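Working notes for the structure below.
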Amino acid sequence: MSRQRPRKRVADTAGDCDGARAASHARPCRSDAFAIPDGFTREQIQPFHDLERQYATLFQTSHVCAVQSARDIQASRTMDVEMDECAVINLAHDGFDSIGTHGLSSCVCICAKGKNPRGHDILGLLHYSGIQDAQDALSEIRDDMREEGVQEPEIFLVGGMISNQDELGSFEIERDLLALQRPFNIVGAKLHPSMSDRNGEENAINLVMTASGIYYYKSW
């Protein structure tokens, strides 16, 4: 049976999560640096790029892919996970071929995968808003995976948003999760694929995880 344990929902101010980068004109900067979109400052973007450098190996994962739409994903029966919920499914028994979530902007999706002793694919997903301690969130999904027979699941982090409104960005969430890379077997990350527009409005992505990969696309 699939396992889904709702927890206390977050207030609307916590927002939905991830999104795709807003289309905006970028101001050119030094040739060896990144472009700065209109409405943003270097100080707002630099910390995210520092994370990419510090955890470069994780950001190079090929297991997480951007696609144009849900039609590009080979999945027909997806369990949907709401914000601040955690679910684990056995693809051989639970009637699903995938697990996913929607409306990721400043939230991060903690994805877990592995096989049980019978060789069945086990997938887990926690739509993490940051209201819970990062270590507690990672422990929860790992414990749920272990209950399904996966002792050391591979963990992937997907989501987050760069915002010109500091309180809406996901830097602290990303930093705290990445710092736990070694004890929780975090093997890949595709963080802050979303960027707010110049007025601070959020953009978002939807995510679907299958046995073969993790896919995300713009939610609008």
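Everything in the sequence shown is counted per the working numbering, starting at 16 for the first residue and increasing by one.
Even glycine gets a Cβ: it sits at the ideal position worked out from N, Cα and C.
Bear in mind the structure is a predicted one, so any value in this text is a computation, not a measurement.
| Asked | Found |
| --- | --- |
| Measuring straight from C-alpha to C-alpha, what distance separates valine 223 and aspartate 53? | 31 Å |
| Would you mind giving the Cβ-Cβ distance between aspartate 159 and valine 103, rounded to the nearest angstrom? I have them listed as a contact below 8 Å. | 5 Å |
| Could you give the residue range of the beta strand (DSSP E) that holds alanine 71? | From DSSP, alanine 71 is part of no beta strand (DSSP E) but of the alpha helix (DSSP H) over 71-74. |
| In terms of alpha-carbon separation, which member of Gly134, Gln61, Phe74 and Ile88 lies closest to tyrosine 232? | Ile88 |
| In whole angstroms, what is the alpha-carbon distance linking glutamate 163 and alanine 50? | 45 Å |
| At a cut of 8 Å, does the segment 63-74 reach the segment 104-123 through at least three beta carbon pairs? | no |
| What's the gap between the Cα of leucine 12 and the Cα of phenylalanine 55? | The shown model of the chain, from 16 to 235, leaves out residue 12, and the question about it has no answer. |
| What number of angstroms, rounded off, separates the C-alpha of proline 198 from the C-alpha of alanine 85? | 33 Å |
| If distances are taken between C-alpha atoms only, which option among Gln196, Ile177 and Gly203 comes closest to isoleucine 60? | Ile177 |
| For histidine 142, which residues does DSSP report across the bridge? | Cys124 |
| State the DSSP-derived secondary structure class of aspartate 151, mapped to helix, strand or coil. | helix |
| Ordered along the chain, which non-local residues of its own chain (more than five positions away) have a Cβ less than 6 Å from that of phenylalanine 74? | Glu67 and Ala204 |
| Assign alanine 35 to buried or exposed, taking buried as 16 or more other Cβ atoms, counted over all protein chains shown, within 10 Å of its Cβ. | Any reading at alanine 35 must be qualified, since the residue scores a pLDDT of 37, below 50, and its modelled position is unreliable; the value itself is stated next. The residue in question, alanine 35, is buried, as its Cβ has 16 or more Cβ neighbours within 10 Å. |
| The alpha helix (DSSP H) with aspartate 191 in it runs from where to where? | 186-193 |
| Going by the DSSP bridge assignment, what does phenylalanine 171 pair with across the sheet? | Cys126 and Gly203 |
| Would leucine 183 and serine 121 be called neighbours here (beta carbons separated by less than 8 Å)? | yes |
| If I'm right that glycine 145 touches isoleucine 188 with Cβ under 8 Å, what's the distance once you round it to whole angstroms? | 4 Å |
| Whole angstroms are fine: how far does the CA of arginine 92 sit from the CA of histidine 64? | 36 Å |
| Locate the beta strand (DSSP E) running through threonine 93, then write down its first and last residues. | 93-95 |
| Based on the DSSP secondary-structure assignment, which residues constitute the bridge partners of methionine 160? | Answer by DSSP bridge pairing: none, since methionine 160 is not bridged. |
| Leaving aside the five residues before and after leucine 138 along the sequence, list all residues of the same chain whose C-beta is less than 6 Å from its C-beta, in chain order. | Ile104, Ile114, Lys128 and Met224 |
| For alanine 219, does the three-state DSSP call read helix, strand or coil? | coil |
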